[in-house]
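Contents: one structure, followed by commentary.
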Amino acid sequence: MPKYLVIVESPAKAKTNKKFLGKNYEVIASNGHVRDLPKSTLGIDLENDFEPKYITIRGKGEVLATLRKAVKKADKVYLATDPDREGEAISWHLYHALKLENKNCSRITFNEITKNAVKDSIKHAREIDMNLVDAQQARRVLDRIVGYQISPILWAKIKRGLSAGRVQSVALRLICDREEEISLFIPQEYWSLDALLDMKGSKKPLVAKFTGTKDKKLEIHSKEELDRILNDLNGKDFKVDSVKVTERLKKNPLPFTTSTLQQDASSKLNFPTQKTMRIAQQLYEGIDIKGKGTVGLITYLRTDSTRISEEADTNAKEYIAKTYGEAYVGNGNISKKNDKKVQDAHEAIRPTYMENSPASIKDQLSRDQFRLYQLIWNRFIASRMAPAKYENTSVKISAGEYRFSASASKIVFDGYLSVYNINNEKSEGNVMLKSIDEDTQLSLNDFESKQHFTQPPAHYTEASLVKTLEELGIGRPSTYAPTISTIVARRYVVKEKKNLYVTELGEAVNSMMKKAFSSIVDVNFTAMMEGLLDMVEEGKVHWKSIIENFYPDFNIAVKNAEKELEKVDIADEVTDVICDQCGRNMVVKYGPYGKFLACPGFPECRNTKPHFEKVGVPCPICGGEVVLKKTKKGRKYYGCENNPECDFISWQKPSTVKCERCGSYMIEKGKKLVCSNKECGYVCNRPDEEEVSKEVSAK
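For the sequence shown, counting from 1, position 518 maps to 517 in numbering that gives the first Met the number 0; every step adds exactly one.
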């Protein structure tokens, strides 16, 4: 009998695949990559057509020895690594490391680890796709050149141990740009106005919202505008102009891609992107299910396609008809329109077997595995179901020259919402609208008005950053989680309650990258590079031509940056703080968490202290110096030097100017000053620095 060897990436996948293949098949894991570029050197021959120099990864000697013994015994070898660029490259490296050139060897791929998929892949074995390999090589070489040639400049300018990356630097810039946008945001005042209207036979008043005049919509920007409108409405009759009842369909969601899975897992389960991918990998590779052995529960987790196979679509619709009824079955196999950024290499993320409902296998899963699997299951089922139907009632009401509106929304058919309710949607609005018509008599009960202020853009979260990266065409499904993990691990950004905040270290790195390597951190340039990598995968562009076109300008930028940075004075900043151990003036140093004070007598004197930068503003509470501080996670804030005796704290820089309305201290927002009292909201222009100096001196 012939002997076949199947090489997969992980032991879990090996165990799952072994179950589907007969006794003539041996399945062994390579445990990921076996060859890579060396860590100690660039590993790319810049003088010889950018040829990469691959070496065996340290610690993989035993794995390769085991694989070589198995190869000798096998009549045929199947390389069954993951179905993407990275997986194709691993197969290519295995091919060369195991010297399979003269061996009967084929490449197989499967989008799901099921009996049918694995056996079908054997029937459709093929050669290694060098276009996929070259696309991965191009990315690896680009990232290596950028990282290994910029990082030493960061070490010289800021501190050792920092890194730059082609995608991570753009992600950092996005976060820094958002922080700047937030810090410069000026809140705008506006008011809402509701009319509480009594109807005959109704105990509760009808709430109608002010919309404007007959000809145009109006926004109320101040209390003065509100008072003028209320004065105009004095004594006016409220009449029903029109009642409109419409039916609206709310379409079901598409099945998960990598990006949307990470976003939903973050918002619904509070999972970081890295955790989502780790658990999804476990579900894909296989879970030991009682009575069934090791079973792969979901399809491949790295995808940007929403396509679903006809078989999976049919099975899902049969399940829906049986479980919920024929009315809940959706029409057609919906998928996102083709996008030039979508590789569509394989299906969306979905369950592999419809009989493995989350409830039926809950006891075999960990809590987090169950929660993520249930999320994937519900999303897939919802994507095959009928839309939800709403009955919307809209009432237009007039009062003199002004117009008000009241609305209500009622679910008449829940459709996919019975499985997957994204925003906990339900019937809402004025329940009494069902009995209203154009002859209904209305009388004014009262007005309700409320002051509001516009809000700045939200800080990025992992989920919103992934969404932005995907929309801009930066990175690919396999890169989102590692990119975010890297900038957090380097302490360029910190996470607080899901939000990502840039640290002082991150600001310094971003500032230098924008100044010296503007193209590397340019969103459009990075997206263009991703497009070129896709063209390599399609066989339209040779991978080395991308490097050849990129490197000359990049090399010039590196050399220019080295010259400019050598001229920068990076001498330690001497402070007036005296070392209490040896009497020297302490100096400012940079560490992993930003600035700190150190004795210049190191190593004889190793005394250090926290560094608090004075901002030249007296504390609004006690009159002491306001200093710039950081939380334990590195987020900047302003506090009093007399803490803990004085508890003053502000996330924005305070000003010496007092609010003309309420007397609270003002905070700086670009060229404006905004009252720190949110209920006041007073805004004025910042005075000249000379005026501020005079005011401080007078005090």
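Note that beta-carbon positions come from the ideal geometry of N, C-alpha and C, so glycine has one too.
These numbers were taken from a predicted model, which means no experiment stands behind them.
Residue environment: T302 is assigned as buried (16 or more neighbouring CB atoms within 10 Å of its CB, all protein chains considered). Its chain contains A264, L268, F270, T275, I278, A279 and L282 as the residues whose beta carbon lies nearer than 8 Å to that of L371, once the 5 sequence neighbours on both sides are disregarded; these appear in chain order. Within the stretch 496–577, the complete alpha helix (DSSP H) segments of 4 residues or longer fall at 503–515, 522–536 and 542–566, listed in chain order. Partner residues in a beta bridge of R583, as assigned by DSSP, do not exist. Cβ contact annotation for D367 (same chain, cutoff 7 Å, sequence separation greater than five): I278, in chain order. Taking one beta carbon from each stretch, the stretch 97–117 and the stretch 287–307 have 3 or more pairs nearer than 8 Å; the two touch. In the three-state reduction of the DSSP assignment, G21 falls in the coil class.
Of P599, Y664, T607 and A597, the smallest CA-CA separation from I620 is found for Y664. In the structure shown, E447 adopts extended strand secondary structure according to DSSP, grouped into three states. For R383, the secondary structure class from DSSP, reduced to helix, strand or coil, is coil. For K494, the closest of K513, S39 and E461 by C-alpha to C-alpha distance is E461.
Between C674 and C658, the C-beta spacing is below 8 Å. Bounds of any beta strand (DSSP E) do not take in N606, whose DSSP letter is neither H nor E. In the three-state DSSP reduction, A347 falls in the coil class, being neither helix nor strand. As DSSP reads the structure, W190 sits in a beta bridge with I219 and Q450.
In this chain, G86 is not harboured by any beta strand (DSSP E); it is covered by the alpha helix (DSSP H) spanning R84 to A96. Residue pairing by DSSP puts G638 in a beta bridge opposite V626 and I648. Excluding its 5 nearest sequence neighbours in each direction, L63 has C-beta neighbours in its own chain below 8 Å: V33, T55, A96 and L97, listed in chain order. Looking at R67, S168, G86 and N30, the one whose alpha-carbon comes closest to that of M511 is S168. Judged by DSSP in its simplified three-state form, N130 adopts helix. Here the alpha carbon of I546 sits roughly 28 Å from the alpha carbon of I157.
Linking A73 to L99 through their CA atoms gives a straight-line distance of about 11 Å. When C-alpha distances from A398 are compared across F647, Y189 and I228, the shortest belongs to I228.
In the DSSP secondary-structure assignment, C674 is bridged to M665. Using a Cβ-Cβ distance cut-off of 8 Å, the stretch 442–457 and the stretch 247–264 are not in contact, since fewer than three pairs of beta carbons, one from each stretch, lie closer than that value.
In this structure G60 is exposed. Its beta-carbon is surrounded by fewer than 16 other beta-carbon atoms within 10 angstroms. Looking only at K238, Q187 and L195, the smallest Cα-Cα distance to I219 is reached by Q187. Taken through DSSP and simplified to helix, strand or coil, N47 comes out as coil.
Residue pairing of I286 in beta bridges, as defined by DSSP: V294. A distance of 8 Å or more separates the beta carbons of K668 and I174. Under the three-state reduction of DSSP, A163 is assigned to coil, being neither helix nor strand. DSSP, read as helix, strand or coil, puts E612 in strand.
Apart from sequence neighbours up to five positions away, the residues of its chain that approach Q135 with a beta-carbon distance below 8 Å are R84, E85, E87 and A88, ordered along the chain. Secondary structure note for G211: its beta strand (DSSP E) is the uninterrupted segment L205 to T212. Look at the beta carbons and you see the stretch 143–155 not touching the stretch 529–542: under three pairs across the two are nearer than 8 Å.
K395 sits buried, since 16 or more C-beta atoms from the chains shown fall within 10 Å of its C-beta.
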